[in-house]
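J.:
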Ligand SMILES: NC(=O)c1ccc[n+]([C@@H]2O[C@H](COP(=O)([O-])OP(=O)(O)OC[C@H]3O[C@@H](n4cnc5c(N)ncnc54)[C@H](OP(=O)(O)O)[C@@H]3O)[C@@H](O)[C@H]2O)c1
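Numbering (UniProt numbering), first residue to last: 1 to 288.
1) Short check: CB of residue 112 to CB of residue 138, under 9 Å?
2) Just tell me which of 140, 282, 284 and 23 has its CA closest to the CA of residue 153.
3) Do three or more CB pairs link the stretch 182-189 to the stretch 199-214 at distances below 8 Å?
4) For my contact list, residue 217 and residue 205 are in at a C-beta cut-off of 8 Å; report their separation, rounded to the angstrom.
5) Considering only heavy atoms of ligand 1, does any lie closer than 8 Å to the CB of residue 98?
6) Residue 288 by DSSP, collapsed to three states: which one?
7) Could you tell me whether the Cβ atoms of residue 124 and residue 26 are closer together than 9 Å?
8) With a threshold of 8 Å (Cβ to nearest heavy atom), would residue 183 be considered close to ligand 1?
9) From what residue to what residue does the beta strand (DSSP E) around residue 138 run?
10) Any chance you could list the alpha helix (DSSP H) runs of at least 4 consecutive residues sitting entirely within the stretch 86-133, in chain order?
11) Run the CB neighbour count on residue 1, radius 10 Å, all protein chains shown included, and call it buried at 16 or more, exposed below.
12) For the alpha helix (DSSP H) containing residue 56, list its first residue and its last residue.
13) Select from 103, 58, 91 and 108 the residue whose C-alpha is nearest the C-alpha of residue 82.
14) Under the DSSP definition of a beta bridge, which residues are partnered with residue 161?
15) If I measure Cβ to Cβ from residue 170 and keep anything under 7 Å in the same chain, skipping five residues before and after, which residues do I get?
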């Protein structure tokens with residue numbers, strides 16, 4: 001199988017290097033700026049193409065690793081110029097978009113996929129290391145799915161296969177785990193800042209607590225891992241939190257109550273069975 005890439009950025013280069021490291025050969029790269037293609041080619045022992053038509057004619061599998069907003073335009077442009085060959089595989093690596101973004105390639109007889117690494121690629125060398133333990137989500141044409149599965153089996157990466165209609169929900173989940181986690185940490189650090197603990201020191205102090213919680217979730221799942229005042233049904237403690245937030249950081253009250261309501265739902269699965277305590281906490285956490 002000959003692989004080619006359009007878009008010699010962080011993901012295109014790191015994933016190309018990863019394929020090569022695992023014994024696959026990369027045919028080459030085309031990018032908006034030829035210098036990027038040259039850098040990618042050097043790192044993957046492949047070719048930098050000045051003409052996209054030449055790259056497409058020499059490969060079986062095209063990875064479009066441009067920014068999300070460019071994927072469809074790049075694909076449509078290749079289709080308009082009738083550069084695709086029947087039977088070629090065309091994939092993009094966006095988490096948000098489904099494979100159908102590549103439908104013009106499908107109309108030309110190609111098999112289309114979205115193949116998303118559940119990983120953040122900020123820096124190429126680190127990404128290359130992280131790829132070893134990265135899950136990939138795969139969505140697209142069933143006909144050649146066995147080839148994609150075989151590829152990832154050889155790479156040694158676990159995969160999820162997801163239905164096209166759930167692609168946006170999958171991406172929403174990834175945002176919750178990654179982006180909203182950042183927001184959650186940011187919110188907690190603001191509370192500590194109000195006490196006079198700066199962000200850097202605050203994060204250092206809470207990291208072991210956060211890591212411990214993650215390990216507990218890993219070991220026993222969310223419902224059993226939950227500890228703290230809501231899991232114990234401590235109404236007075238929760239009331240004191242809301243009171244001080246109303247006094248000191250009123251902009252955070254709505255967030256605290258909403259998270260509290262959701263935490264109460266988790267608590268009632270396993271840890272908190274007393275109906276009176278649940279009702280009292282529901283009342284305290286009610287938004288006004
Ligand atoms: N970064 C992540 O953490 C991450 C994680 C998972 C998935 N992804 C997905 O991976 C894909 C690539 O993301 P990235 O972070 O690697 O982006 P990136 O670093 O910005 O790289 C994109 C590359 O595409 C090239 N490009 C832009 N428009 C082009 C066009 N019209 N034709 C040809 N080449 C073009 C740019 O090339 P020049 O350098 O030549 O200008 C750039 O180097 C996206 O679909 C993204 O959603 C990213």
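Heads up, the beta-carbon is just placed ideally off N, CA and C, and yes, glycines get one too.
T.: To lay it out plainly:
1) no
2) 23
3) yes
4) Contact flag wrong, Cβ pair sits at about 20 Å.
5) no
6) coil
7) no
8) no
9) 136-140
10) 103-107 and 124-130
11) exposed
12) 52-57
13) 108
14) 138
15) 137 and 162
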